[in-house]
Amino acid sequence: MVTVEANAKINLTLDILGKRPDGYHEVAMVMQTVGLHDTLTLEKREQGISLNINVPWLKADEKNLAWRAAALVQEEFGLTGGVHIELIKRIPVAAGLAGGSADAAAVLKGMSELYGLNLSDNKLCELGAKLGSDIPFCLLGGTMLATGRGEVLKRLPDMPETWVVLVKPRISVSTAWAYQNYDEQGAERHPDNEAIQKEIARGNRKGVAKLLCNVLESVTINKYDVIERYKQMMLAKGAMASMMSGSGPTVFALAKNREQAEEIAGFMRQEKNADVFVTRTFQLNRMKA
Ligand code: ATP
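Laid out in structure tokens, this is it:
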């Protein structure tokens with residue numbers, strides 16, 4: 111039996127550089143792993159795949175990314191043995207936090223361990239990229255610049271540990287919808303990925319906070335003004351910065367310390383139609399420990 115944690119991510123930046131001939135968008139984004147995670151337990155079975163999820167409405171079938179990751183490993187390595195996966199979800203679904211990608215990454219690692227495949231990070235990332243652009247980042251974690259479709263990764267120094275409040279309004283935003291609307295609307299402001307990398311290297315949290323920027327934010331806010339409202343509420347409570355993650359709708363705030371994060375979260379929990387989490391940025395050296 112193998113147990114693997116699947117951590118969520120937030121975007122510190124998200125830029126779209128253009129559309130590629132293959133239909134994907136060329137992106138440049140600084141991604142950051144946070145402590146909020148799903149837990150997956152994998153057990154060997156004689157054959158096949160079975161999946162059980164603690165969220166009844168999330169389909170536990172062959173379309174689920176956890177299932178697809180297990181099937182890919184079976185196929186790629188001609189495994190005749192099977193697996194049962196127990197998935198405990200804590201990361202909100204379709205939230206801009208890469209929950210599904212994190213689960214897929216965890217299953218790839220888990221299958222490698224369960225079946226003694228000893229897959230290198232490179233091989234895991236190659237397999238992961240077949241299932242989704244964010245999966246290589248989820249496999250490696252920490253603080254990274256992601257380019258290409260999101261699968262070309264450059265490791266950055268760890269962002270200094272920062273407390274984070276996540277607020278997920280109870281609305282769903284499809285990633286495809288957000289990108290499509292971006293193509294029509296564009297964005298007024300683009301991130302300065304060079305500058306933010308310098309601030310990360312300097313370990314300057316305030317500098318990082320000032321440079322948060324996501325070109326999909328205005329697209330999603332145009333349709334769902336609740337996102338702007340949550341941002342303003344958290345800034346009014348003294349957060350260092352607040353922004354939407356990925357294609358949304360989760361809004362996150364960087365807090366000065368744990369106490370402030372708890373205070374902001376307490377305030378946001380008065381909102382009836384939102385789920386609120388307190389977490390912190392995950393540093394790679396701690397992740398491996
Ligand atoms: P990203 O930030 O990469 O765009 P996300 O956080 O917005 O991802 P996910 O939680 O990964 O979104 O879910 C996106 C879709 O993937 C959902 O509509 C869901 O039905 C499907 N999905 C498949 N497998 C999973 C899984 N294991 N966990 C969550 N969603 C899954």
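Each residue of the sequence shown is one higher than the one before, counting from 111 in the working numbering. A virtual CB, placed ideally from N, CA and C, is assigned to each residue, including glycine. Here the structure is a predicted model, which is why all the values come from computation and not from measurement.
- request: Enumerate in chain order the residues of its own chain whose CB-to-CB distance from S357 is below 6 Å, with the five nearest sequence positions on each side excluded.
  value: G206, V283, T285, A288, L326
- request: Using three-state DSSP, classify Q370 as helix, strand or coil.
  value: helix
task: Compare the C-alpha of L394 against each of T113, K119, V112 and name the closest.
output: K119
query: Under 6 Å from any heavy atom of ligand 1, does the C-beta of G220 make it?
result: no
query: Thinking C-alpha only, which one of E185, R178, K129 is nearest Q290?
result: K129
message: Going by DSSP, what residue range makes up the alpha helix (DSSP H) through T410?
response: Outside the shown range of the chain, which is 111 to 399, sits residue 410, and nothing can be said about it.
query: Does DSSP put M141 in a helix, a strand or coil?
result: strand
- request: Could you check what DSSP says for G317 in three-state terms: helix, strand or coil?
  value: helix
- prompt: Is the beta carbon of I374 sitting closer than 7 Å to the one on V275?
  reply: yes
message: Any heavy atom of ligand 1 inside 6 Å of the beta-carbon of L207?
response: yes
task: Look at the alpha carbon of S222 and the alpha carbon of V165, and state the distance between them as a whole number of angstroms.
output: 26 Å
message: Counting C-beta neighbours from all protein chains within 10 Å, is the total for T123 16 or more, i.e. buried, or is it exposed?
response: buried
task: May I ask whether a heavy atom of ligand 1 can be found less than 6 Å away from the beta carbon of G376?
output: no
- prompt: Among residues of its own chain, excluding the 5 on either side of L227, which ones have a beta-carbon nearer than 8 Å to its beta-carbon?
  reply: V183, F187, M221
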